[in-house]
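Participant: For the sequence shown, this note's numbering assigns the number 6 to the initial residue and increments by one for each residue that follows. Starting off with a structure, shown below.
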Amino acid sequence: TRWFGIGLILSGVLITLSGCHDRSENTASTPSVPTPTEEKPAPVVRIGASATHLPPYFIHQENGIEVDIIREAFQKTGYDPQFYFIRERKEKFYAPNSKLDCISTVTKKAKQPGFYSDEVISYHDVVIYLADKGFHINRIEDLADKSIETFSDAKKHLGIADVVKNNPLYHERSGKASQIVLFFRRRVDVLIMDRYFFRHFRKRVAPLVDIKQKVIINDSLFSKRPYRILCKNEKVRNDFNRGLATLRAKGRYAEIVKQYIE
Numbered sequence: 006t007r008w009f010g011i012g013l014i015l016s017g018v019l020i021t022l023s024g025c026h027d028r029s030e031n032t033a034s035t036p037s038v039p040t041p042t043e044e045k046p047a048p049v050v051r052i053g054a055s056a057t058h059l060p061p062y063f064i065h066q067e068n069g070i071e072v073d074i075i076r077e078a079f080q081k082t083g084y085d086p087q088f089y090f091i092r093e094r095k096e097k098f099y100a101p102n103s104k105l106d107c108i109s110t111v112t113k114k115a116k117q118p119g120f121y122s123d124e125v126i127s128y129h130d131v132v133i134y135l136a137d138k139g140f141h142i143n144r145i146e147d148l149a150d151k152s153i154e155t156f157s158d159a160k161k162h163l164g165i166a167d168v169v170k171n172n173p174l175y176h177e178r179s180g181k182a183s184q185i186v187l188f189f190r191r192r193v194d195v196l197i198m199d200r201y202f203f204r205h206f207r208k209r210v211a212p213l214v215d216i217k218q219k220v221i222i223n224d225s226l227f228s229k230r231p232y233r234i235l236c237k238n239e240k241v242r243n244d245f246n247r248g249l250a251t252l253r254a255k256g257r258y259a260e261i262v263k264q265y266i267e
């Protein structure tokens, strides 16, 4: 009886040890579950932009050449660009409680404090006339006797006041589409207009007039006006410049422009 009891005790010890060994093996073989890493949200950059509907540059406060270029340039360097389409954006940019990081777009002539980006876009006013008119317009004095449609305050901006002061056929007005219609209906000799305005609106008036008439575009009389964004933070400006350079190098910049003017 004594030996039988000892045997039972030894058997229990062996079973207990075996169970401990099995549990140890199971614990060691259980793979560890990695803790998921949370992606940091992209830093927000707040951009004050023009509230004016100005196609093809700004269209219904949603897109346009300038908006798309600025948005994608910031996205290229990891930012989340948020646009605020506001009036008096320069004043609001410098207000003490302003949350704007950048404003779009300004010229360096403004000499405002902050960090100017590389050129985002340039506006370029050109002289446009029909090829079969036989005009030779090589200097601004050649505009003196032509019927002209152009934008408001063009005399001041383009420096042609003296040339057209005695020209009763010179007209400044808004409404670029209507000006282009008049032009292709031969009611006016010359348009003076930004190159992209002309190309954008020309295709939109195609149902009204024959836009296939051959035109001459003289881009040598007036200089380009480069526009940039202005930022409060130098790093933000530098990152934007890198993204802008990437858009140009990859051909995306040209694609953005093309989709609005062709």
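Ideal Cβ placement from N, Cα and C applies to all residues, glycine included. Treat the numbers as computed from the prediction; the structure is a model and nothing was measured.
If you measure between the beta carbons of V125 and N223, is that distance less than 8 Å?
Facilitator: No. Outside cutoff.
Participant: In chain order, what residues of the same chain have a beta carbon less than 7 Å from the beta carbon of F88, not counting five sequence neighbours either side?
Facilitator: I52, A54, V72, listed in sequence order.
Participant: Under a Cβ-count criterion, where at least 16 other Cβ atoms within 10 Å of its own Cβ denotes burial, should E260 be classed as buried or exposed?
Facilitator: Under this definition E260 is an exposed residue.
Participant: Under 7 Å Cβ to Cβ from R92, same chain only, skipping five residues before and after it: list those, please.
Facilitator: So the list reads A56, once near-sequence residues are dropped.
Participant: Hey, how far is the Cα of D137 from the Cα of R209?
Facilitator: Approximately 23 Å, taken between the alpha carbons.
Participant: With Y201 and P61 assumed to form a contact (beta carbons below 8 Å), what rounded beta-carbon distance in angstroms separates them?
Facilitator: About 6 Å; that satisfies the 8 Å criterion.
Participant: Less than 8 Å separating the beta-carbons of K114 and Y121?
Facilitator: Cβ distance not < 8 Å, so K114 and Y121 don't count as in contact.
Participant: Starting from the C-beta of N246, find all residues in its chain whose C-beta is less than 7 Å away, skip the five residues before and the five after it, and write them out in chain order.
Facilitator: Cβ neighbours of N246 beyond the five flanking positions: S122, D123.
Participant: Using CA atoms only, rank isn't needed, just tell me which of A182, T155, K170, L135 is closest to R204.
Facilitator: Checked all of A182, T155, K170, L135; the closest Cα to R204 is A182.
Participant: Assign E154 to buried or exposed, taking buried as 16 or more other Cβ atoms, counted over all protein chains shown, within 10 Å of its Cβ.
Facilitator: Buried.
Participant: For K217 and S109, I'd like the C-alpha separation in whole angstroms.
Facilitator: One C-alpha to the other measures close to 35 Å.
Participant: What is the residue span of the alpha helix (DSSP H) that N246 lies within?
Facilitator: Segment 239-254, the alpha helix (DSSP H) holding N246.
Participant: How should G69 be labelled, buried or exposed, when 16 other C-beta atoms within 10 angstroms of its C-beta is the threshold for buried?
Facilitator: Buried, because 16 or more other Cβ atoms sit within 10 Å of the Cβ of G69.
Participant: Going along the chain, which unbroken runs of the alpha helix (DSSP H) with 4 or more residues stay wholly within the segment 46-101?
Facilitator: Correct list: 70-81, 94-99.
Participant: Could you check the C-alpha separation between F206 and P86 for me, to the nearest Å?
Facilitator: Going by the C-alpha atoms only, they are around 28 Å apart.
Participant: Tell me the rounded alpha-carbon separation between Q80 and A159.
Facilitator: Their Cα atoms are separated by approximately 36 Å.
Participant: Pull up the CB-CB distance for L226 and I133, whole angstroms please, since I reckon it's below 8 Å.
Facilitator: Between I133 and L226 the Cβ distance is about 11 Å, and since that is not below 8 Å, they are no contact.
Participant: Taking C-alpha atoms, which residue in V241, R230, A250, F188 lies nearest to A221?
Facilitator: Position check: residue 221 holds Ile in this sequence, whereas Ala was assumed. Minimum Cα distance to I221 is reached at F188.
Participant: In three-state DSSP terms, what is S109?
Facilitator: It is a strand residue.
Participant: Rounded to whole angstroms, what's the CA-CA distance from L135 to K237? Just pull it up for me.
Facilitator: Each residue's alpha carbon lies about 46 Å from the other.
Participant: Rounded to whole angstroms, what is the Cα-Cα separation between M198 and G180?
Facilitator: Each residue's alpha carbon lies about 11 Å from the other.
Participant: Which residue or residues does DSSP assign as beta-bridge partners of P231?
Facilitator: Bridge partners of P231: S127.
Participant: Thinking C-beta only, is D244 closer than 8 Å to Y99?
Facilitator: Their beta carbons are not under 8 Å apart, which means Y99 does not touch D244 by this criterion.
Participant: Return the chain-ordered list of same chain residues with a C-beta closer than 6 Å to the C-beta of E177, the five sequence neighbours on each side being excluded.
Facilitator: Cβ within range, chain order: T155, S157, A159.
Participant: Quick check on the DSSP output: what are the complete beta strand (DSSP E) runs of length 3 or more inside the segment 117-205, in order along the chain?
Facilitator: As far as the segment 117-205 is concerned, its whole beta strand (DSSP E) runs of at least 3 residues are 126-128, 130-135, 153-155, 175-177, 195-199.
Participant: Compare the beta carbon distance of V353 and R190 with 8 Å and say whether it is the shorter of the two.
Facilitator: Given that the chain is displayed from residue 6 to residue 267, the structure contains no residue 353 and the question cannot be resolved.
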